[in-house]
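Residue numbers (the numbering used here), protein chains in the order written: chain D, 11 to 256; chain B, 4 to 329. To keep things clear, I will list the structure first and then write my remarks on it.
Dropping the structure here:
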C-alpha cells in the first residue's frame, strides 16, 4: 500500500511538472500599460551618475544608424539600449528540434539519398536580406562525394553528386516551394529549378530587395554515389547565414 | 517523506537549468551599423541579439570581412586570408551568449584603430551562430545571423563617384510613359558613398516631373559599381488593358507627347559636397492618348453624319407633308 502511495505521488509530481513547466517564469514583463519587449542584459555604462541636485541612470550608447539622437546648442543625448524602440531586425529560425540534422540514409549507386529541413527568415530591413550557404560536400576522412557545383543538374544515380535546392521536387519526391504572405524571399537561380540541385559554398540561395514577411524555406538535399565511391561514413556541416542588404 | 522531498528537489534542479535547444532562432536588431573614427582612436559600438523562441539558445560570435557581391547590396563574406587586418581591431565584450527565452543581449564592442591606418572604408560582419551538431552519416545544419559594420576611418579620404549608363527603360522611343530610369553609380574612391538626388523630367509643353533617387540610402562600396533604378509611378502595371485608364490619366495630366528630357542630378555627402549630372532625351508617342484622340474624332464624324441624315429626313418629311396638303 505504501509503495503504491509513493508511486502515485511521484507520478503526480511528474504530471504537474510536465504540464506546468518552470519556463513560465521566463515570460516577458508587462502590465496593462506597457510591455518590455525583451529582458536585457548587457555590459557597459555606469548605472547611476549624480550630483547634489540630480541623479541619472544611464546606459552605454548605441552606434546604430537608426538610434535616436536628441540635441540642443549645448548638449546631445545618444539614446541607450533601454529605449527599446522599433528597430530593423533580421531573424533566421531553424524549425523544430530535429531540423539541426538531416539523415540521407545509406547511399547506393542505384538510387539517390535525399532529405530536407525547414527554416524561416523574416526581416523589415529596408533593402532586404540575403541568405547564403557555406560548408563542404559530404566527406569521409580523405574521401568526398563530388558536389554538383554552381550549375544545377538533375539527379543521376551512379554518378557522385551532392546538392541542394529550395523548391518542390518530384524526382526525388522532396521539398516545397518557398511560402509565406507576400512579400517574401525569392529563391536564387540554380536553387529554384524543380528536380535540379546545385551546391557551391558561399552561394546565395535566397534574397530580397526590400522588407519581407516570414518566409518558409524547405531545403532539399540530394546525394548520389558511383559504383567506385569509397565506402565510409560521410557527413558534413552546412551553415546558413543571413545578413541585411546595404 | 525524506525520499519524496529529495525526489522533488532533484526534479526542480533539472528543470531550473532549462534546456539548451537543438533548434535555433537568432534575431539581430540594427543589422547595419555605421561607425566613424580616426587613426589611433578607439571607437565603441554595440550589437543586439534576441532569442524569440520559448527555449534557451547558446550562441557564439565570429567576425568576418565582407565585400560587395555581384548583385547590388549583397555582402559576400571573405575568407580569413582575404579579409584584411582590420578584423583584428575588434574586441567583443562577450563572444559567447546563453540567451533565455525572449531575452535580448546588447553586446558592446570596441574597434581599436592603429595609428598608422590609412584613412578609408573598412567592412566587417559580426555573426552570431548556433552551430550544427555533426553526427555520423548526417548533414548537420547550423545558422548564423550577422550585423554589417561599416567603418569610416577619417582623414585624407578619396570620395569619388561618377554616373554611367543613364538610360530610360524600356527604350528611348516609347509608346507610353517610361517604366523606370536606371544608371550605374561608380565608386572609384576609398570610402563607401550614399548617392542622393533626383531625376527631373521635362517635355516640350513645359511640364516637369521630379523623381527622387535612393530614398532607401543604399551604399556603394569603394571599388564597386551599383545599378540604381528609379521607378515611375505606374511601373508595376504591365498589362495594356488593365492599366489603360490609369496610364491614360497620367499621359493626359503630364501632356506626355513628343520629346522629353531627363536630367539626373546626383550628390554624395563627403567632407565637401560632390555633384554629378547627366542628361538624356527620349520620345513618347502615347498609344492610349492617340487611341482616345482617334475615338473622339470618329465620334464627331459619326455624330455629324447622323445629324446630317436626321436633317435630311426631317426636310423630306416636311416636303412630303406640304405635297399632301396641296
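Positions of the beta carbon are idealized from the N, C-alpha and C atoms, including for glycine. Being a predicted model, the structure only gives us computed values, none of them experimental.
Residue i at chain B interface by Cβ criterion, 8 Å
| i | result |
| --- | --- |
| residue 119/D | no |
| residue 112/D | yes |
| residue 248/D | yes |
| residue 135/D | yes |
| residue 217/D | yes |
| residue 214/D | yes |
| residue 237/D | no |
| residue 251/D | yes |
| residue 140/D | yes |
Of the residues the options, the one placed nearest residue i, counting alpha carbons only
| i | options | result |
| --- | --- | --- |
| residue 88/B | 126/B, 111/B and 104/B | 126/B |
| residue 219/D | 78/B, 44/B and 149/B | 78/B |
| residue 242/B | 201/B, 291/B and 255/B | 291/B |
| residue 39/B | 128/B, 157/B, 28/B and 285/B | 157/B |
| residue 117/D | 206/D, 251/D, 244/D and 249/D | 244/D |
| residue 170/B | 163/B, 53/B and 181/B | 181/B |
| residue 98/B | 116/B, 244/B, 85/B and 66/B | 66/B |
| residue 289/B | 253/B, 229/B, 227/B and 279/B | 253/B |
| residue 142/B | 234/D, 241/D and 246/D | 246/D |
| residue 227/B | 162/B, 316/B, 133/B and 279/B | 162/B |
| residue 153/D | 172/D, 248/D and 239/D | 239/D |
| residue 70/B | 151/B, 64/B, 52/B and 251/B | 151/B |
| residue 134/D | 200/D, 249/D, 126/D and 194/D | 194/D |
| residue 204/D | 235/D, 119/D, 231/D and 112/D | 231/D |
Contact set between residue i and chain D, taken where Cβ atoms lie within less than 9 Å
| i | result |
| --- | --- |
| residue 188/B | Ordered by position in chain D, no residue passes the 9 Å Cβ test against residue 188/B, which lies about 14 Å from the chain. |
Closer than 7 Å at the beta carbon, the chain B residues around residue i
| i | result |
| --- | --- |
| residue 254/D | 34, 35 and 151 |
| residue 278/D | This structure does not reach residue 278/D, given that chain D is present from 11 up to 256, and the question cannot be answered. |
Contact list for residue i against chain B, beta-carbon separation under 9 Å
| i | result |
| --- | --- |
| residue 100/D | 29, 30, 31, 32, 34, 148, 149 and 150 |
Rounded straight-line distance, which links the Cα of residue j to that of residue i
| i | j | result |
| --- | --- | --- |
| residue 120/B | residue 94/B | 17 Å |
| residue 1/B | residue 105/D | No answer is possible for residue 1/B: the residues shown for chain B start at 4 and end at 329. |
| residue 92/B | residue 68/B | 12 Å |
| residue 305/B | residue 188/D | 56 Å |
| residue 35/D | residue 142/D | Note on residue 35/D: pLDDT 31, under 50, position unreliable in the model; the coordinate value appears next. Their Cα atoms are separated by approximately 36 Å. |
| residue 30/D | residue 58/B | Low confidence applies to residue 30/D: its pLDDT is 47, below 50, so where it sits in the model is not reliable enough to give any reading. |
| residue 88/D | residue 114/B | Confidence is the limiting factor: at residue 88/D the pLDDT is only 43, short of 50, which leaves the residue's position unreliable and the question unanswerable from this model. |
| residue 76/D | residue 179/D | Caution is warranted here: a pLDDT of 39 is assigned to residue 76/D, below 50, making its placement in the model unreliable, and the coordinate value is therefore given only provisionally. Each residue's alpha carbon lies about 42 Å from the other. |
| residue 220/B | residue 271/B | 11 Å |
| residue 112/B | residue 90/B | 12 Å |
| residue 2/B | residue 99/D | As displayed, chain B neither begins before 4 nor continues past 329, which places residue 2/B out of reach and without an answer. |
| residue 44/D | residue 224/D | Note on residue 44/D: pLDDT 38, under 50, position unreliable in the model; the coordinate value appears next. Taking the straight line from one Cα to the other gives about 26 Å. |
| residue 215/D | residue 303/B | 59 Å |
| residue 42/B | residue 123/B | 10 Å |
| residue 322/B | residue 311/B | 16 Å |
| residue 168/D | residue 148/D | 16 Å |
| residue 202/D | residue 190/D | 16 Å |
| residue 213/B | residue 153/B | 31 Å |
| residue 174/B | residue 184/B | 10 Å |
| residue 233/D | residue 164/D | 11 Å |
| residue 73/B | residue 229/B | 9 Å |
| residue 234/B | residue 101/D | 29 Å |
| residue 231/B | residue 37/B | 21 Å |
| residue 211/B | residue 205/B | 5 Å |
| residue 260/D | residue 215/B | Residue 260/D cannot be examined here, being either before or after the span of chain D that is shown, 11 to 256. |
Proximal chain D residues relative to residue i, where beta-carbon distance stays under 8 Å
| i | result |
| --- | --- |
| residue 63/B | Here the premise fails: no neighbours, minimum Cβ distance about 12 Å. |
Cutoff 8 Å: residue i Cβ touching any chain D Cβ
| i | result |
| --- | --- |
| residue 144/B | yes |
| residue 85/B | no |
| residue 127/B | no |
| residue 130/B | yes |
| residue 77/B | yes |
| residue 247/B | no |
| residue 222/B | yes |
| residue 219/B | yes |
Contacts of residue i in chain B (Cβ-Cβ under 8 Å)
| i | result |
| --- | --- |
| residue 97/D | 32, 33 and 51 |
| residue 146/D | Within 8 Å Cβ-Cβ: nothing; residue 146/D doesn't reach chain B, min ~11 Å. |
Cβ of residue i within 8 Å of any chain C Cβ
| i | result |
| --- | --- |
| residue 103/D | Annotation note: the requested chain C is absent from the structure, which comprises protein chains D and B. |
CB contact flag (residue i, residue j, <8 Å)
| i | j | result |
| --- | --- | --- |
| residue 254/D | residue 139/D | yes |
| residue 256/D | residue 287/B | no |
| residue 229/D | residue 129/D | yes |
| residue 202/B | residue 267/B | yes |
| residue 167/B | residue 148/B | no |
| residue 144/D | residue 237/D | no |
| residue 192/B | residue 225/B | yes |
| residue 108/B | residue 52/B | yes |
| residue 128/B | residue 80/B | yes |
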